Amino acid sequence: MEDREALLEDARAQIDAAADADAVKAVERAFTGKKGSVSALMAKIPTLPPEERKAFGQSVNELKRAIQAHVQARLDALAAAELASDREASDFDPTLPPPRPQRGSLHPITQVTRELEDLFESMGYEVLDGPEVELDFYNFEALNIPADHPARDSQDTFFCDEAGHLVMRTHTSPGQVRAMERLEPPFRIVVPGKCFRQETTDATHDHTFHQMEGLVVAKDVSVAHLIGAMKTLLAGIFERELDVRMRPGFFPFVEPGFELDARCPFCEDGCSVCKQTTWIELLPCGLVHPNVLRAGGLDPEEWSGFAFGLGLSRLVMLREEIDDIRHMLSGNVRFLEQF
Ligand code: PHE
Numbered sequence: 076m077e078d079r080e081a082l083l084e085d086a087r088a089q090i091d092a093a094a095d096a097d098a099v100k101a102v103e104r105a106f107t108g109k110k111g112s113v114s115a116l117m118a119k120i121p122t123l124p125p126e127e128r129k130a131f132g133q134s135v136n137e138l139k140r141a142i143q144a145h146v147q148a149r150l151d152a153l154a155a156a157e158l159a160s161d162r163e164a165s166d167f168d169p170t171l172p173p174p175r176p177q178r179g180s181l182h183p184i185t186q187v188t189r190e191l192e193d194l195f196e197s198m199g200y201e202v203l204d205g206p207e208v209e210l211d212f213y214n215f216e217a218l219n220i221p222a223d224h225p226a227r228d229s230q231d232t233f234f235c236d237e238a239g240h241l242v243m244r245t246h247t248s249p250g251q252v253r254a255m256e257r258l259e260p261p262f263r264i265v266v267p268g269k270c271f272r273q274e275t276t277d278a279t280h281d282h283t284f285h286q287m288e289g290l291v292v293a294k295d296v297s298v299a300h301l302i303g304a305m306k307t308l309l310a311g312i313f314e315r316e317l318d319v320r321m322r323p324g325f326f327p328f329v330e331p332g333f334e335l336d337a338r339c340p341f342c343e344d345g346c347s348v349c350k351q352t353t354w355i356e357l358l359p360c361g362l363v364h365p366n367v368l369r370a371g372g373l374d375p376e377e378w379s380g381f382a383f384g385l386g387l388s389r390l391v392m393l394r395e396e397i398d399d400i401r402h403m404l405s406g407n408v409r410f411l412e413q414f
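Mapping of the sequence shown onto this note's numbering: residues 76 to 414, in sequence order.
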């Protein structure tokens, strides 16, 4: 028994003295390996009187386990010490929060679109989507702009096929007819989205821009309803009541058609935004032309409506004081970071 206790003590002392993991393992092999001292004890078993063998064997096994446990404890302690000294040596601070991934922000057009969607939804409108590549039928024909109508010239169109049946929508108005086909009147809808025109670009024109179409279809809709709705809309956008005025405007799909101007929200007696006129041109609108109602499958004797086309890009530029529309879709991070 004493020989085993001495052996264990010796093993522990050597393990504790080992300076690194390799040294610890070498000590372990010297004791528990094939040619180690523990194996040598095992080899003695057959020479013992039979009644002692079992107890002797058990005690040698215990000894082996005790050595192994001590080896593991020493290895753990060495690893912990190494980690601690590594940390000491570097300026790594494990208690600091990890660096946060950089997050972007919503594009100003997305922000305004969502705000307006909320505003319109609060007034009972439904938000619809329409395709950006549109059939000629919805973009022109159904909007009372037949094939040779000169109004097509003012909408510098990107055509997608030789025959000209597919176009990049030049406005969100095709959403009007799609809505009439899908919904049971009376209804109120807005259709926000991208529009495209083959345009020579400058500070106020881009080939890609955003609009939000509005359409209300009900019985006996009048210009008074239109004006009322537009004033509510502007109060929502500019957060106060603004005077409006209507000038006649021609769009084949409304009759009568208007350009709605609002009192400049930025000044009292003229500024650069309103070009010293105190009025800003805000949105074209009008009462839905009977031909458009018909194209949408509605009887103009029974149903009527008003429509408006909000220039989202323009609105964002006004609100955020952006002087060039081409910044909007430039993808320039330094521009986008400001919002
Ligand atoms: N779709 C027209 C345009 O982009 C604007 C408009 C919309 C006019 C609705 C009247 C009514 O030019």
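Glycine included, C-beta positions come from ideal geometry on N, C-alpha and C. Everything numeric in this text was worked out from a predicted model, so none of it was measured.
From the listed residues T107, D336, H240, the smallest Cα separation to F383 is found for D336. DSSP places S379 in the strand class (E or B) of the three-state scheme.
Taking 8 Å as the upper bound for CB-CB distance, E330 and G361 are in contact here, some 7 Å apart. According to DSSP, residue pairing for K269 in a beta bridge involves H285.
In this structure, the alpha-carbon of D151 lies about 11 Å from that of A144.
Relative to the Cα of D236, the nearest Cα in the group L210, R87, Q230, G406 belongs to L210. For D336, the enclosing beta strand (DSSP E) covers residues 329-338. Of S114, I312, R409, the smallest CA-CA separation from L138 is found for S114. For C360, the pairing in a beta bridge is given by DSSP as F333, F383. Shortest gap from the CB of Q273 to any heavy atom of the ligand PHE: 7 Å or more. Pairing I302 with V291 gives a Cβ-Cβ distance that is not under 8 Å.
The beta carbons of A217 and A370 sit closer together than 8 Å. Looking at the DSSP output, R263 sits in a beta bridge with V291. Taking C-beta separations shorter than 7 Å and ignoring five residues to either side along the sequence, the partners of V208 in its chain run C235, L241, M243, following chain order. Taking the C-beta atoms as reference points, V391 is found nearer than 8 Å to P183. A distance criterion of 7 Å places the beta-carbon of H246 in contact range of the ligand PHE, judged by its closest non-hydrogen atom. Collapsing the DSSP output to three states places E343 in coil. In this structure, DSSP gives D95 a state outside helix and strand, which the three-state scheme calls coil. A distance of 8 Å or more separates the beta carbons of T276 and M198. Taking C-beta separations shorter than 6 Å and ignoring five residues to either side along the sequence, the partners of S180 in its chain run F414, following chain order. Under the three-pair Cβ rule at 8 Å, the stretch 99-113 counts as touching the stretch 124-141. Annotation for V146: the continuous alpha helix (DSSP H) segment containing it runs 125-164. Looking from the CA of D204, the closest CA among E163, R263, A254 belongs to A254.
The bridge partners DSSP lists for R175 come to none. Burial is judged here by how many other beta carbons sit within 10 angstroms of a residue's own beta carbon; T188 has at least 16 and is buried. Residue nearest to C270 within the set E377, L258, Q230, E256 is Q230 (criterion: CA-CA distance).
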